[in-house]
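*Asks:*
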Amino acid sequence: MKDSIKIGTVNLQNNKVNRNGGLREDGIDTSKLVAQHIEEEQYDILGTQELTRNFVNNITSNLVKYKLYGNYRYGSSLLAKKIPFINDFNENNNIITKDEVIEEKTEMLPWIPNNPKDLVISISKASIMPRIVTITITKNETMGVICSINTHLDYQIPSIQKRQLKFLKQLIKKYSKEYPVILTGDFNMELGTEYFDSFNDELKNMGLKRVEVNEKTNADKFENKTAIDHIFIPNDWKVINSGVKDIPYVTDHKEVYAEVKKNK
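With the sequence shown counted from 1, adding 10 to any position gets you our numbering.
#1: With distances taken from CA atoms, which of Val74, Glu60, Pro123 is nearest Lys42?
#2: Less than 8 Å separating the beta-carbons of Tyr185 and Val155?
#3: Under the three-state reduction of DSSP, which class applies to Gln180: helix, strand or coil?
#4: By the three-class DSSP mapping on this structure, what secondary structure does Phe242 have?
#5: Could you compute how far the alpha carbon of Glu35 sits from the alpha carbon of Ser169?
#6: What number of angstroms, rounded off, separates the C-alpha of Val27 from the C-alpha of Gly85?
#7: How would you label Gln59, buried or exposed, when you count the other beta carbons within 10 angstroms and need 16 or more for buried?
#8: Could you please give the first and the last residue of the uninterrupted beta strand (DSSP E) stretch that includes Gln59?
#9: Alpha carbon to alpha carbon, how far is Ser14 from Val111? Give it in angstroms, no decimals.
#10: Look up Ala136 in the DSSP assignment and say whether it is helix, strand or coil.
#11: With which residues is Thr116 paired in a DSSP beta bridge?
#12: Over what stretch of residues does the alpha helix (DSSP H) that includes Thr70 continue unbroken?
#13: For Thr194, does the count of other Cβ atoms within 10 angstroms reach 16, so buried, or fall short, so exposed?
#14: I need the DSSP call for Arg220, collapsed to helix, strand or coil.
#15: Is the stretch 194 to 213 touching the stretch 227 to 244 in the sense that three or more CB pairs, one from each, lie closer than 8 Å?
#16: For the alpha helix (DSSP H) that Ile48 lies in, which residues bound it at each end?
#17: Starting from Lys26, trace the alpha helix (DSSP H) both ways and give me its first and last residue.
#18: Residues in the same chain with beta-carbon distance under 8 Å from Tyr79, minus the five sequence neighbours each way, listed in chain order, please.
#19: Looking at the secondary structure, which residues open and close the beta strand (DSSP E) in which Asn125 lies?
#20: Does the separation of the CB atoms of Tyr129 and Asn102 fall below 8 Å?
#21: Taking the alpha-carbon positions, what's the Phe209 to Asn215 distance?
#22: If we ignore side chains and look at the alpha-carbon of each, how far apart do Leu163 and Gln171 end up?
#23: Between the Cα of Pro120 and those of Glu222, Asp98, Ile138, spot the shortest distance and give me the residue it belongs to.
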């Protein structure tokens with residue numbers, strides 16, 4: 011039996027091709043590329059962001075060993091499926107795993123501005139939208155029962171980002187009483203952001219450390235100079251190998267990965 015597991019996080023980019031199922035004009039099927047990549051990399055736990063319904067359905071149909079877990083930001087109602095604008099941006103943060111899932115849950119993060127100035131900015135920047143977090147409790151033959159928390163945070167309003175980070179800390183505090191916790195996601199924040207640095211420090215005190223992958227993970231057109239996609243693992247786990255990978259044709263983000271094991 012192996013003594014390590016592989017964790018990853020990747021924003022799979024909600025663009026026109028992917029939300030229509032993944033078939034490009036040149037015949038490349040991005041849903042097949044994603045499925046093949048997951049199977050080849052042999053992830054134990056992969057957190058994803060910006061997956062929409064058609065893309066999820068086609069990725070799922072191409073996967074053999076893995077299943078996707080988590081609900082959508084606007085839910086799964088008929089209304090959410092029938093209104094084109096809502097359906098196009100009805101993203102989820104699916105956790106993908108081949109392990110036995112004991113429990114899964116999707117919760118809403120704070121996302122509505124709490125002052126008029128931020129409300130105006132969020133509307134003008136088109137950033138106002140529900141943000142969610144996906145939680146799974148899985149049984150892994152190497153590491154035992156694990157709680158995975160995967161999310162995608164606001165990208166415009168610092169006051170909302172701070173509230174979302176606070177919500178994540180509350181979740182971690184709750185689940186870490188029973189399980190080792192893994193946190194993955196597109197945080198839309200990099201090291202050097204004061205409140206994200208504080209979040210890192212507080213998590214260390216709560217038993218979680220950030221995997222030190224600092225290479226820029228989003229497209230060059232954005233101003234970030236280092237990673238905005240992050241993995242956090244228990245303090246007493248050891249990182250054997252970590253880094254970033256490209257998934258050509260699919261996304262403008264790099265995938266972050268880490269192979270980890272328990273310290274003896």
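Ideal Cβ positions, reconstructed from N, Cα and C, are used throughout, including at glycine.
*Replies:* Considering the structure as presented:
#1: Here residue 42 corresponds to residue number 32 of the sequence shown, with the count starting at 1. Here the closest residue by C-alpha is Val74.
#2: Walking along the sequence shown from the start, residue 185 turns up at place 175. Walking along the sequence shown from the start, residue 155 turns up at place 145. No, the pair does not count as a contact, with Cβ atoms beyond the cut-off.
#3: Residue numbering aside, residue 180 sits at position 170 when the sequence shown is read from its first letter. Helix at Gln180.
#4: One-based indexing of the sequence shown puts residue 242 at position 232. Correct three-state label for Phe242: strand.
#5: For this step, residue 35 is matched to residue 25 along the sequence shown. For this step, residue 169 is matched to residue 159 along the sequence shown. Taking the straight line from one Cα to the other gives about 41 Å.
#6: Taking the sequence shown and counting its residues from 1, one reaches residue 27 at position 17. Taking the sequence shown and counting its residues from 1, one reaches residue 85 at position 75. Spanning the two alpha carbons is a distance of roughly 22 Å.
#7: Here residue 59 refers to the residue found at position 49 of the sequence shown. Classification for Gln59: buried.
#8: Looking up residue 59 in the sequence shown gives position 49. For Gln59, the uninterrupted beta strand (DSSP E) run begins and ends at 55 to 59, by DSSP.
#9: Translated into positions along the sequence shown, residue 111 becomes position 101. Translated into positions along the sequence shown, residue 14 becomes position 4. About 19 Å.
#10: Taking the sequence shown and counting its residues from 1, the one referred to as residue 136 is at position 126. DSSP places Ala136 in coil when its eight states are reduced to three.
#11: If you number the sequence shown from 1, residue 116 lands on position 106. Under DSSP, Thr116 forms a beta bridge with Thr144.
#12: The count along the sequence shown starts at 1 and reaches residue 70 at position 60. Per DSSP, Thr70 belongs to the alpha helix (DSSP H) from 63 to 72.
#13: As a first step, residue 194 must be located in the sequence shown, where it is residue number 184. Answer is buried; the Cβ neighbour count reaches 16.
#14: Here residue 220 is taken as the residue at index 210 of the sequence shown, counted from 1. Strand.
#15: Contact between the stretch 227 to 244 and the stretch 194 to 213 is present: 3 or more CB-CB pairs across the two stretches fall below 8 Å.
#16: Sequence index remark: in the sequence shown, residue 48 carries index 38 (1-based). It spans 40 to 51 - the alpha helix (DSSP H) in which Ile48 sits, taken as one unbroken run.
#17: Position 16 of the sequence shown holds residue 26. Per DSSP, Lys26 is one residue of the alpha helix (DSSP H) stretching across 26 to 29.
#18: By 1-based counting over the sequence shown, the position of residue 79 is 69. Hits under 8 Å: Asn104, Ile105, Ile106, Thr107, Val111, Glu114, Thr144, Thr146.
#19: Stepping through the sequence shown from its first residue, residue 125 is reached at position 115. For Asn125, no beta strand (DSSP E) encloses it, and the DSSP letter there is neither H nor E.
#20: For the purposes of this step, residue 129 is identified with residue 119 of the sequence shown, where counting begins at 1. For the purposes of this step, residue 102 is identified with residue 92 of the sequence shown, where counting begins at 1. Residue identity check: residue 129 is Leu in the sequence provided, not Tyr. Going by C-beta atoms, Leu129 is not nearer than 8 Å to Asn102.
#21: Counting from one through the sequence shown, the residue named residue 209 turns up at place 199. Counting from one through the sequence shown, the residue named residue 215 turns up at place 205. Cα to Cα, Phe209 sits roughly 10 Å from Asn215.
#22: Counted from its first residue, the sequence shown places residue 163 at position 153. Counted from its first residue, the sequence shown places residue 171 at position 161. Looking at the two C-alpha atoms, the distance is approximately 7 Å.
#23: If you number the sequence shown from 1, residue 120 lands on position 110. The shortest Cα separation from Pro120 among Glu222, Asp98, Ile138 belongs to Ile138.
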